[in-house]
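Enquirer:
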Amino acid sequence: EFEGLDKAVDTSDMTFRMESYKKNVLKSLSMMRCHQMLTDVTLVVGSERMEAHKVVLAAASPYFKAMFTGGLRESHSPTVTLHGVCPTVMSRLLSFIYTGDIHITELAVCQLLPAAAMFQIADAIKACCMFLQRQLSPVNAIGIASFAEQHGCRELLTKSNEYIMQHFAQVCQEEEFMQLTPKQLIELIRRDELNVKEETEVYNAVLRWVKYDEEERRPKMHCVLSAVRCQFLTPKFLNEQMKNCEVISKIPACREYLAQIFKDLTLHKKPSVKERTPNTPRVIYVAGGYYRQSLDTVESFNVDTGRWTTLATLTIPRSGLGGAFLKGVFYAVGGRNNSPGCSYDSDWVDRYDPTRNVWRPCSPMSVLRNRVGVGIVDGMIYAVGGSAAAEYYNTVEKYNPEEDRWYNVKPMNQKRLGVGVAVVNRLLYAVGGFDGEVRLKSVECYHPETDTWWDIPDMAVPRSGAGVASIGQYIYVVGGYDGTRQLETVERYDTEKQIWQLVAPLSKARSALSVSVIDNKIYALGGYDGQEFVPTVEIYDPITDQWTDGVAMTSARSGHASAVSYQAGILGNNISGPSKGVHHQSCPARKGGGTT
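Residue numbers (the working numbering): 2 to 597.
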């Protein structure tokens, strides 16, 4: 090949780079070693002797370079005895030094890597780490992470820890998890990046760890339990643990700790710890809506890649539906089918599995609900208000996904169509809407413990069809319709100070939009601006109090549902399964997939 050559260059002065040269030189050096030509050192490893060239060893290994150039006695000796490495491993490393090729197996890697690290052969270390990274599975990830830390392989350690974080639900079922020390376990479950659908997964993992060696580990339970984010467990779950868990019953400090958290939750105090933020795809799901007719189209937006993806369609077209994402599943609730030949309100509820890209029906609601508000409290999906034909509802029902069953709760004080819903500290807020006569500026708050609604201060402006979402202690109400025009104004309610204030307005007025929150920023998606349906997206940053343009949806829509997922497993992000081979406790790679 020619370096830096183009047609304008004087061909009487050229530089050549011969790619085959390096390969041929290595091949020649390897041949010379095999035939003991010009070799000047004999490596004694165990009972075997291996001929080599000092200059080649020194060029490949800082260890040998220091040995042969640093004035040590080995620099003048024709024979060097090596300790801490077996003949087979040394033979493979020598072959790598002379050829650049190395054969790695599950059984060999746990000897190759320490030897390569000892001799500081960087490329051999890299090859071993790449091999181990490809062997990562729930069975061996903790062992590989420990192995990487032991031998100073930072990149492998990082990749192993990322794997453990992302696949915690599977990793915590394995033997290696049960062998963690209390310190290691606490360090693991304290991580913000832990990818769990709900905190009960972490709590139950800790309980299994304690029961594995209960007599020894019971004294450590309180310290470990304090690393679980128990403020994000439900009061019902905590109550069951305090009543029925034998481990907790034997540890008064743990029982008192859970009792205090139970009290704080039922008093709706602000959590003292933040929610976990796993390093997994952050995705906004958008389903249904209206554009000249009800839509069945569904799309998702990956915040990290900035791309919209078309997904499996709804089972029936729907607008005016609500959406929620719970335990890895996106739910589409209620709505209305206004498509050619159809005109009816719906009690349908469908669930979407992102890992399979399929929709499945759930039990329907007790009544038809168009333009319904949806929120989640304690793992229950609440369907708030809405309408069926000319009948406007103040009724509310909640859905238990584990039972696939709906339960009626206390009705609101007012009927509300196009109501916005938000949840702060386990309190559910119903914001604005239309009662059949006027647009509402009133707001109600639902207390799940007492099954009661009470009024809170009104908004400044009446509005229905607004986008409503919460960030921390604040509820944001975005856009909407006041009965005469679409709104660009945005109001914020401080649930602690109980006051409303205006914040920066949208750049474009819109109603029947949806809003979703990612990274403490509000995404306002689509809607109707009074003249046309819009696909545009605006993003609000509460810190700067500014709206910026986002990536528009693939098509215009209003009256759609949206919800956010932080979980992995989007469209086929699978994990590797454990090997069916024999487990070898001294080598973490032997617990993973692959061949020997």
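Idealized CB from N, CA, C, for every residue including glycine.
1) Taking contact to mean at least 3 C-beta pairs separated by less than 8 Å, is the region 77-87 in contact with the region 10-22?
2) Which same chain residues end up closer than 6 Å to Phe97 when comparing Cβ atoms and leaving out the 5 residues on each side of it in sequence?
3) Any contact between the region 287-295 and the region 308-323? By contact I mean 3 or more CB pairs, one from each, below 8 Å.
4) Can you tell me which of Leu369, Thr549 and Ala149 puts its alpha carbon nearest to the alpha carbon of Leu526?
5) Let me make sure I understand the geometry here. Which of Ala384, Gln532 and Leu27 has the alpha-carbon closest to that of Gly101?
6) Does the distance from the C-beta atom of Tyr494 to that of Met460 stay below 9 Å?
7) Who pairs with Phe435 in a beta bridge, going by DSSP?
8) Out of curiosity, what's the CA-to-CA distance linking Phe65 and His84?
9) Could you have a look at Asn338 and say whether DSSP puts it in helix, strand or coil?
10) Rounded to a whole number of angstroms, what is the C-alpha to C-alpha distance between Arg406 and Thr555?
11) Are the region 240-252 and the region 211-227 touching by the rule of at least three beta carbon pairs closer than 8 Å?
12) Flag this pair as touching only if the region 555-567 and the region 494-508 have three or more C-beta atom pairs under 8 Å; answer yes or no.
13) Compare the C-alpha of Ala467 against each of Glu497, Val368 and Val432 and name the closest.
14) Closer than 8 Å is the cut-off here; do at least three beta carbon pairs connect the region 114-134 with the region 149-164?
15) Can you tell me whether DSSP reads Cys129 as helix, strand or coil?
16) Counting C-beta neighbours from all protein chains within 10 Å, is the total for Cys35 16 or more, i.e. buried, or is it exposed?
17) DSSP three-state label for Trp349, please.
18) Does DSSP put Val368 in a helix, in a strand, or in coil?
19) Can you tell me whether Gln151 is helix, strand or coil according to DSSP?
20) Straight-line CA distance for Cys446 to Leu208?
21) For Lys23, name the three-state secondary structure that DSSP assigns.
22) Going by C-alpha to C-alpha distance, which of Pro355, Gly473, Pro463 and Asp348 sits closest to Gly484?
23) Can you find the residues in the same chain that come closer than 8 Å, C-beta to C-beta, to Tyr258, ignoring five residues on each side of it along the sequence?
24) Within its chain, find whatever has a CB closer than 8 Å to the CB of Ala389; leave out the 5 residues flanking it on each side and keep chain order.
25) I'd like to check one pair, Ser340 with Ser273: are the Cβ atoms closer than 9 Å?
26) So, is Ala391 buried or exposed, given that buried needs 16 or more other C-beta atoms within 10 angstroms?
27) Can you find the residues in the same chain that come closer than 6 Å, C-beta to C-beta, to Pro362, ignoring five residues on each side of it along the sequence?
28) If we count the other Cβ atoms within 10 Å of its Cβ and call it buried at 16 or more, is Arg486 buried or exposed?
29) With DSSP as the reference, please indicate the residues paired to Leu429 in a beta bridge.
30) Of all the alpha helix (DSSP H) runs that stay within the bounds of the region 75-114, which reach a length of 4 or more residues?
31) Would Met366 and Asp379 be called neighbours here (beta carbons separated by less than 9 Å)?
32) Can the beta-carbon of Ile143 be found closer than 9 Å to that of Ser161?
33) Could you name the residues of the same chain whose beta carbon sits closer than 7 Å to that of Ser172, not counting the 5 residues immediately before and after it, in chain order?
34) According to the neighbour-count rule (16 or more other Cβ atoms, all chains shown, within 10 Å of its Cβ), is Asn393 buried or exposed?
Expert: Taking the structure as given:
1) no
2) The residue labelled residue 97 in the question sits at position 96 within the sequence shown. Ile103 and Ala125.
3) yes
4) The sequence position of residue 526 within the sequence shown is 525, counting from 1. Per the Cα distances, Thr549.
5) Indexing the sequence shown from 1 puts residue 101 at position 100. Gly101 has its Cα closest to that of Leu27, out of Ala384, Gln532 and Leu27.
6) Residue numbering aside, residue 494 sits at position 493 when the sequence shown is read from its first letter. Residue numbering aside, residue 460 sits at position 459 when the sequence shown is read from its first letter. A contact, by the Cβ cut-off of 9 Å.
7) The residue you call residue 435 lines up with position 434 of the sequence shown. BP columns for Phe435 point to Leu418 and Arg440.
8) Against the sequence shown, residue 65 aligns to sequence position 64. Against the sequence shown, residue 84 aligns to sequence position 83. Approximately 14 Å, taken between the alpha carbons.
9) As a position in the sequence shown, residue 338 is number 337, starting the count at 1. In the structure shown, Asn338 sits in a strand (DSSP, three-state: E or B).
10) For this step, residue 406 is matched to residue 405 along the sequence shown. For this step, residue 555 is matched to residue 554 along the sequence shown. The straight-line gap from Cα to Cα measures roughly 34 Å.
11) yes
12) no
13) Residue numbering aside, residue 467 sits at position 466 when the sequence shown is read from its first letter. The residue with the shortest Cα to Cα distance from Ala467 is Val432.
14) yes
15) Start at 1 with the first residue of the sequence shown, and residue 129 comes out as number 128. Three-state result, Cys129: helix.
16) Within the sequence shown, residue 35 is the residue found at index 34, counting from 1. By the neighbour-count rule (16 or more Cβ atoms within 10 Å), Cys35 is not buried but exposed.
17) Numbered from 1 along the sequence shown, position 348 holds the residue referred to as residue 349. Trp349: coil per DSSP, three-state reduction.
18) Within the sequence shown, the letter at position 367 stands for residue 368. Val368: coil per DSSP, three-state reduction.
19) The count along the sequence shown starts at 1 and reaches residue 151 at position 150. In this structure, Gln151 counts as helix in the three-state DSSP scheme.
20) On the sequence shown, position 445 is the one that residue 446 refers to. On the sequence shown, position 207 is the one that residue 208 refers to. If you take the alpha carbons of Cys446 and Leu208, they lie about 35 Å apart.
21) If you number the sequence shown from 1, residue 23 lands on position 22. Correct three-state label for Lys23: helix.
22) Sequence index remark: in the sequence shown, residue 484 carries index 483 (1-based). Out of Pro355, Gly473, Pro463 and Asp348, Pro463 has the C-alpha closest to the C-alpha of Gly484.
23) In the sequence shown, the residue the question calls residue 258 occupies position 257. Cβ within range, chain order: His223, Leu226, Ser227 and Cys231.
24) Position 388 of the sequence shown, counting from 1, holds the residue named residue 389. Same-chain partners within the cutoff: Asp346, Val368, Leu369, Arg370 and Asn371.
25) Numbered from 1 along the sequence shown, position 272 holds the residue referred to as residue 273. Numbered from 1 along the sequence shown, position 339 holds the residue referred to as residue 340. No, the Cβ-Cβ distance between Ser273 and Ser340 is not below 9 Å.
26) The sequence position of residue 391 within the sequence shown is 390, counting from 1. Exposed, because fewer than 16 other Cβ atoms sit within 10 Å of the Cβ of Ala391.
27) Position 361 of the sequence shown, counting from 1, holds the residue named residue 362. Within the same chain, Pro362 has close Cβ partners Asp351.
28) In the sequence shown, residue 486 corresponds to position 485, counting from 1. Exposed, since its Cβ has fewer than 16 Cβ neighbours within 10 Å.
29) Counting from 1 along the sequence shown, the entry for residue 429 is found at position 428. Val424 and Tyr447.
30) 88-100
31) Position 365 of the sequence shown, counting from 1, holds the residue named residue 366. Position 378 of the sequence shown, counting from 1, holds the residue named residue 379. Not in contact: Met366 and Asp379 (Cβ atoms no closer than 9 Å).
32) Position 142 of the sequence shown holds residue 143. Position 160 of the sequence shown holds residue 161. Result yes, Cβ atoms of Ile143 and Ser161 sit closer than 9 Å.
33) Here residue 172 is taken as the residue at index 171 of the sequence shown, counted from 1. According to the sequence as given, residue 172 is Val; it is not Ser. If we look at Val172 and ignore the five residues flanking it on each side, its Cβ neighbours are Pro139, Ala142, Ile143, Ile165 and Phe178.
34) Taking the first residue of the sequence shown as 1, we reach residue 393 at position 392. For the sequence presented, residue 393 should be read as Tyr rather than Asn. Under this definition Tyr393 is a buried residue.
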